[in-house]
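Asks: Before I ask anything, let me first share the structure, which is written out below as structure tokens.
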């Protein structure tokens with residue numbers, strides 16, 4: 073069983089998949105940083121200083137004890153974080169589109185298979201059979 077597992081893990085497809093997953097997670101961090109640190113401040117500037125990551129609808133306020141500790145945290149719908157996630161998705165989708173488009177340009181078009189020589193048409197065959205029957 074261990075040998076089968078080792079053979080499975082060492083196949084090229086599994087290793088390629090593992091590398092792709094690691095690269096995707098690193099690219100995800102880069103895109104998140106780009107959106108949160110570069111794009112959202114620009115969007116906030118043009119929307120009058122709005123910070124989307126702080127936008128939320130508070131369902132219940134936090135309960136704070138007399139000593140300043142939080143007894144019950146606030147419950148809120150954080151739609152601003154969701155907006156950031158949607159912008160992340162759009163940027164990642166666009167980047168993947170560009171990569172796939174560039175990759176498709178590098179691929180050589182498949183050459184058309186050579187056509188098989190055409191045989192005689194049905195009429196020609198019938199004419200040949202008729203001529204042979206006349207003899």
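Residue numbers (the numbering used here): 73 to 207. Built from N, CA and C at the ideal position, the CB exists for glycine as well.
#1: Here's a check: name, in chain order, each residue in its chain whose Cβ is nearer than 7 Å to the Cβ of residue 130, leaving out the five neighbours to either side.
#2: Please go through the same chain and pick out, in chain order, the residues whose beta-carbon is closer than 7 Å to the beta-carbon of residue 128, but skip the five residues on each side of it.
#3: Output the distance between the C-alpha atoms of residue 176 and residue 141, rounded to the nearest integer angstrom.
#4: Between the region 112-124 and the region 153-163, do three or more beta carbon pairs fall short of 8 Å?
#5: Tell me the rounded alpha-carbon separation between residue 178 and residue 194.
#6: For residue 86 and residue 80, which I take to be in contact (beta-carbon distance under 8 Å), what is that distance rounded to the nearest angstrom?
#7: Grouping DSSP H, G and I as helix and E and B as strand, with all else coil, what is residue 133?
#8: In the region 79-144, which residue ranges form an unbroken beta strand (DSSP E) of at least 3 residues, counting only runs that do not cross its ends?
#9: Do you know how far the Cα of residue 199 is from the Cα of residue 206?
#10: Would you verify that the beta carbon of residue 160 is, or is not, closer than 8 Å to some beta carbon of chain D?
#11: Specify, as a first and last residue, the run of the alpha helix (DSSP H) that residue 193 falls within.
#12: Please state whether DSSP places residue 148 in a helix, a strand or coil.
Replies: According to the structure shown:
#1: The residue labelled residue 130 in the question sits at position 58 within the chain shown. Excluding residues within five positions, the ones whose Cβ falls inside 7 Å are 146, 148.
#2: Counted from its first residue, the chain shown places residue 128 at position 56. Closer than 7 Å at the Cβ level, and outside the excluded window around residue 128, lie 148, 149, 150, 151, 152.
#3: Within the chain shown, numbered from 1, the residue matching residue 176 stands at position 104. Within the chain shown, numbered from 1, the residue matching residue 141 stands at position 69. Looking at the two C-alpha atoms, the distance is approximately 57 Å.
#4: yes
#5: One-based indexing of the chain shown puts residue 178 at position 106. One-based indexing of the chain shown puts residue 194 at position 122. So the two alpha carbons sit approximately 44 Å from each other.
#6: Taking the first residue of the chain shown as position 1, residue 86 is located at position 14. Taking the first residue of the chain shown as position 1, residue 80 is located at position 8. Rounded, the Cβ-Cβ distance is 7 Å, consistent with contact.
#7: The sequence position of residue 133 within the chain shown is 61, counting from 1. Coil at residue 133, not helix or strand.
#8: 129-132, 142-144
#9: Taking the chain shown and counting its residues from 1, one reaches residue 206 at position 134. Taking the chain shown and counting its residues from 1, one reaches residue 199 at position 127. Their Cα atoms are separated by approximately 11 Å.
#10: In the structure shown, chain D does not exist; there is a single protein chain.
#11: The residue you call residue 193 lines up with position 121 of the chain shown. No alpha helix (DSSP H) contains residue 193, which DSSP labels as neither H nor E.
#12: Sequence index remark: in the chain shown, residue 148 carries index 76 (1-based). Three-state result, residue 148: strand.
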